[in-house]
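*Asks:* Below you'll find the structure I mean.
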Amino acid sequence: MKIMLKDGSFKEYSEAKSVYEIALDISEGLARMACAGEVDGKVVDLRTVIDKDVTLNIITANDPAALPVIRHTTSHVLAEAVKRLRPDAKVTIGPSIEDGFYYDFLTDPFSREDLDALEAEMKKIIKEGKEISRFTLPREEAIKFMEEKGEPFKVELIKDLPEDAEISFYDQGGFTDLCAGPHLMSTKNIKAFKLISSSMAYWRGKSDREKLQRIYGTAFNKKEELEAHLQKLEDAKMRDHNKLGREMGLFLTADVIGQGLPLFTPKGTKMIMKLQRWIEDLEDNEWGYVRTRTPLMAKSDLYKISGHWDHYMDGMFILNKDAEDGKEVMALRPMTCPFQYYVYMNEQKSYRDLPYRMSETSTLFRNEDSGEMHGLTRVRQFTITEAHIVLTPEQAEEELTRCVDLAHFVMKTLGINGDVTYRLSKWDPNNKAKYEGDENYWNSTQQYLRDVMNKNGIVFTEEDGEAAFYGPKIDIQAKNVYGKEDTMVTIQLDCSAAAKFGMYYIDEQGNKATPWIIHRTSMGCYERTLAWLIEHYAGKFPTWLCPEQVRILTISEKYNEYAEKVKAELKKAGVDVTVDKRSEKIGYKIREARLAKLPYWVIVGEQEQAENLVSVSSRFAGNEGQKPVADFVAQIVDEIKNKTIREEVNE
RNA sequence: GCUAGAAUAGCUCAGCCGGUAGAGCACUUCACUCGUAAUGAAGGGGUCGUCAGUUCGAAUCUGAUUUCUAGCUCCA
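FYI, in numbering that gives the first Met the number 0 the residues of the first sequence are 0 to 650.
Structure follows, in structure tokens:
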């Protein structure tokens with residue numbers, strides 16, 4: 000057989016050889032560094048035997064592709080350490096994940112001290128340099144093997160494997176685990192690892208199954224890479240909107256007000272209002288939307304028609320639920336859809352009126368479980384710019400494209416379009432009760448959205464069980480500083496609601512026809528968007544979004560009057576400006592202006608006052624020198640108007 | 001909702017084998033009126049998240065509760 004190597008050279012062997020043996024044949028050093036093989040583009044275990052012509056790449060420890068192998072092997076070392084220190088613990092699964100690995104055990108909770116002890120034990124196991132070997136067993140023997148070891152979760156895993164699956168085990172000198180691999184050849188090849196945290200996790204992710212203890216860890220090729228990664232985690236914490244947003248005085252929470260109910264300060268409110276005014280004007284003036292203003296609550300009857308009463312009762316705040324005096328049962332709205340439908344139905348529509356685009360800056364209420372709330376990203380009351388577009392089926396493709404375009408434009412303007420991924424959120428065919436409509440409805444609407452994204456060249460993933468109960472969604476997702484994903488913008492196709500509510504339009508033949516509806520956001524949730532902006536910019540917002548765009552620093556109190564004059568000029572031009580009149584040293588005032596992450600600060604003193612100048616400094620360019628006041632006003636107004644995103648200067 | 005951890009001054013934190021609280025920064029006042037990262041001095045500020053219990057006595061021990069954090073579950 001003939002093996003083509005990465006550099007284009009060939010190796011020929013008469014008999015079958017494992018990847019490791021081939022690596023050894025090339026050079027001993029390579030074999031020492033080898034972590035896995037890549038056979039015809041597929042990552043495989045070093046023990047994989049090759050018996051035909053292939054292209055082979057030996058993945059060494061320096062290759063990022065080796066990380067999952069290293070991490071997975073580290074998780075096995077962790078499992079052995081846990082079994083040594085807690086023989087009664089039951090093992091489950093321990094995959095490598097982005098940035099690390101985890102392993103779930105059925106045992107008592109781990110404290111930080113337990114994790115430290117486990118780390119020490121793992122170091123011992125690594126030092127022991129145990130050879131890792133692989134073997135397979137027939138199904139029945141594999142089950143018996145794990146039953147004898149007293150590992151019920153492994154038995155369950157084997158039983159759930161397809162009948163024809165190869166059942167492989169990896170043994171590291173006494174500790175044996177059911178595993179598909181791939182793995183390193185020896186535990187001693189683990190050079191740098193760290194146990195990060197522990198927490199509870201449900202077996203197979205189901206809240207009615209066993210409660211397991213999960214340990215998260217990470218591993219790298221080199222100590223330096225591990226250190227760098229841990230440093231990155233620390234740095235990410237500095238950007239955390241929940242900390243930074245509070246420190247910057249943008250929002251707060253109060254125990255007595257409740258969970259998931261943030262209060263915005265004047266600064267935070269200013270930022271949200273800038274976003275809101277911008278998006279409302281944009282939609283109304285350039286994208287053909289009309290604006291509605293509808294109630295924040297409604298009788299339960301409305302939600303019974305919409306389906307929320309059946310599908311979403313637990314998520315709603317219900318008023319007068321157990322009222323005995325005959326008061327109507329009401330609910331705070333969890334969405335705006337049916338309210339806008341009634342606005343649509345107020346006047347009979349012709350096909351000429353469609354697409355009919357109704358938008359509303361809409362406050363919604365959702366009764367999240369107590370453990371779900373987080374900063375500004377998961378809250379119980381939030382505001383979105385929500386629209387419902389009523390249209391004919393023929394118009395849907397173009398209109399969906401427009402919705403994607405608008406969302407894209409919004410994110411580009413905010414400077415965060417590079418942070419997002421697109422997702423087609425589908426129903427769960429195994430849990431049909433959660434959704435309305437039959438298989439045919441879901442397959443056709445999902446295909447419709449798929450086609451629209453493909454035609455527009457959008458790269459997207461598909462996810463089952465993420466759809467709304469009435470239809471599939473295009474979700475635009477973003478990750479927070481901890482890597483957790485949230486939906487920023489959603490565009491949903493709904494071909495069933497109109498009929499439920501009796502919505503229609505008069506078509507070209509003069510007959511009543513049932514429209515389709517697009518549910519979509521452009522700004523998504525303001526709270527979440529603000530959180531995202533805080534983390535993306537680490538608080539250094541583009542000038543147009545800053546609640547304080549310019550601060551005037553006076554050299555001494557003698558120049559307060561002139562400072563007020565400059566302030567008035569800026570205010571008149573619509574700039575958010577303040578004056579620091581305190582009798583502090585100028586260096587101290589500058590330091591504070593920097594700490595506040597201000598885009599601009601200007602210094603006024605004797606010379607400036609005499610010649611009508613300001614000394615301009617900015618986050619972006621450092622000291623910009625003296626400028627006539629009028630020039631500075633023009634500069635900043637231009638920047639705000641064009642929503643310019645300037646590069647930061649490195650200090 | 002689940003598991004674990006946490007809550008002390010505006011912020012960051014110390015105190016904790018039980019004897020009713022401390023630091024730095026911030027704030028106020030006075031002096032200084034200053035040119036691109038911290039002027040000096042003095043002062044004010046906390047029923048130690050809340051409610052119970054144990055105790056002669058609780059920030060410290062116990063229980064409950066609220067809020068926060070991580071992860072799980074959930075996210076129409």
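Ideal placement from N, C-alpha and C gives every residue a C-beta, glycine not left out.
This one's a predicted model, so the numbers in the text were calculated from it and none came from an experiment.
(1) In the DSSP assignment, find the unbroken beta strand (DSSP E) run with Met199 in it and report its ends.
(2) With 16 other CB atoms within 10 Å as the buried threshold, where does Phe9 fall?
(3) Does DSSP put Lys129 in a helix, a strand or coil?
(4) By alpha-carbon positions, which one of Trp277, Ser361, Ala592 ends up nearest to Glu285?
(5) Once the 5 residues before and after His75 are set aside, which same chain residues still bring their CB inside 6 Å of it?
(6) So, under 8 Å CB-CB, Phe364 and Pro337 are touching, yes? Tell me the CB distance rounded to an integer number of Å.
(7) Looking at the strands, I want to know which residues DSSP matches up with Phe168.
(8) Helix, strand or coil for Lys348, going by three-state DSSP, please let me know.
(9) What first and last residue would you give for the beta strand (DSSP E) that runs through His75?
(10) Could you tell me which whole beta strand (DSSP E) segments of length 3 or greater appear in the region 555-623?
(11) Considering only residues of the same chain and omitting the five flanking positions on each side of Gln394, which have a CB-CB separation below 6 Å?
(12) Measure from the alpha carbon of Phe134 to the alpha carbon of each residue in Gln548, Ile214, Asp163, Phe168, then state which is nearest.
(13) Would you please state the rounded distance, in angstroms, between the beta carbons of Phe100 and Ser197? I believe it to be under 8 Å.
(14) Can you grab the Cα-Cα spacing for the pair Ala572 / Glu638, in whole Å?
(15) Nearest-angstrom Cα distance between Ala297 and Leu229?
(16) What are the partner residues of His518, as DSSP defines its beta bridges?
(17) Give the secondary structure of Arg292 by DSSP, where H, G and I count as helix, E and B as strand, and everything else as coil.
(18) Can you tell me whether DSSP reads Asn641 as helix, strand or coil?
(19) Can you tell me the Cα-Cα spacing of Lys273 and Lys221, whole angstroms?
(20) Does the separation of the CB atoms of Val578 and Ala595 fall below 7 Å?
(21) Is any non-hydrogen atom of the ligand ADP found closer than 6 Å to the C-beta of Pro514, if you look at the structure I gave you?
(22) Pick out the complete beta strand (DSSP E) segments inside the region 223-308, 3 residues or longer, and give them in chain order.
(23) Below 7 Å CB to CB, which residues in the same chain sit around Glu165 once its five sequence neighbours on both sides are set aside?
(24) So is Gly36 buried or exposed if we call it buried at 16+ other beta carbons inside 10 Å?
(25) Below 8 Å CB to CB, which residues in the same chain sit around Ile415 once its five sequence neighbours on both sides are set aside?
(26) Suppose you measure from the CA of Val48 to the CA of Val18; what does that come to, to the nearest Å?
(27) Assign Gly464 to one of two classes, buried (16 or more other C-beta atoms within 10 Å of its C-beta) or exposed (fewer than that).
(28) Taking the continuous alpha helix (DSSP H) assigned at Asp450, which residues delimit it?
(29) Comparing C-alpha positions only, which one of Val549, Glu610, Leu569, Lys640 sits nearest to Ser617?
(30) Counting pairs of Cβ atoms below 8 Å between the region 515-522 and the region 488-499, do you hit three or more?
(31) Tell me which residue opens and which closes the alpha helix (DSSP H) that Asp44 is part of.
(32) For the alpha helix (DSSP H) that Ala496 lies in, which residues bound it at each end?
(33) Applying the 10 Å Cβ sphere with the 16-neighbour rule, what's the burial state of Gly374?
(34) Counting along the chain, where does the alpha helix (DSSP H) carrying Leu532 start and finish?
(35) Can you tell me where the alpha helix (DSSP H) holding Ile157 begins and where it ends?
(36) Are the beta-carbon atoms of Glu542 and Pro627 separated by less than 7 Å?
*Replies:* Working from what's here:
(1) 191-201
(2) exposed
(3) coil
(4) Trp277
(5) Excluding sequence positions up to five before and after His75, its CB lies within less than 6 Å of the CB of Asp176, all in the same chain and listed in chain order.
(6) 15 Å between Cβ atoms; not a contact.
(7) Answer is Phe134, Leu177, bridged to Phe168.
(8) Note: Lys348 maps to strand in three-state DSSP.
(9) Careful: His75 lies outside any beta strand (DSSP E), inside the alpha helix (DSSP H) at 66-84.
(10) Within the region 555-623, the complete beta strand (DSSP E) runs of at least 3 residues are 576-579, 599-603, 612-617.
(11) Closer than 6 Å at the Cβ level, and outside the excluded window around Gln394, lie Pro354.
(12) Looking at Gln548, Ile214, Asp163, Phe168, the one whose alpha-carbon comes closest to that of Phe134 is Phe168.
(13) That pair is no contact at about 13 Å.
(14) 12 Å
(15) 50 Å
(16) His387, Gln491
(17) Arg292 falls in the coil class under three-state DSSP.
(18) coil
(19) 46 Å
(20) Cβ distance not < 7 Å, so Val578 and Ala595 don't count as in contact.
(21) Absence of the ligand ADP from the depicted structure is noted, as is the absence of any ligand whatsoever, leaving it without description.
(22) 296-298, all fully within the region 223-308.
(23) Result list for Glu165: Thr135, in chain order.
(24) buried
(25) Setting aside the 5 residues that flank it on each side, Ile415 is surrounded in the same chain by Ala477, Trp531, Leu532, His535, each with a C-beta closer than 8 Å to its C-beta; the list follows chain order.
(26) Distance between the alpha carbons of Val48 and Val18 is about 6 Å.
(27) Answer is exposed; the Cβ neighbour count stays below 16.
(28) Start and end: 438-454.
(29) Ranking Val549, Glu610, Leu569, Lys640 by Cα distance to Ser617 puts Val549 first.
(30) yes
(31) First-last for Asp44: undefined, no H or E at that position.
(32) 496-500
(33) buried
(34) 525-536
(35) 151-159
(36) Note that residue 542 corresponds to Thr in the displayed sequence, not to Glu. No, the pair does not count as a contact, with Cβ atoms beyond the cut-off.
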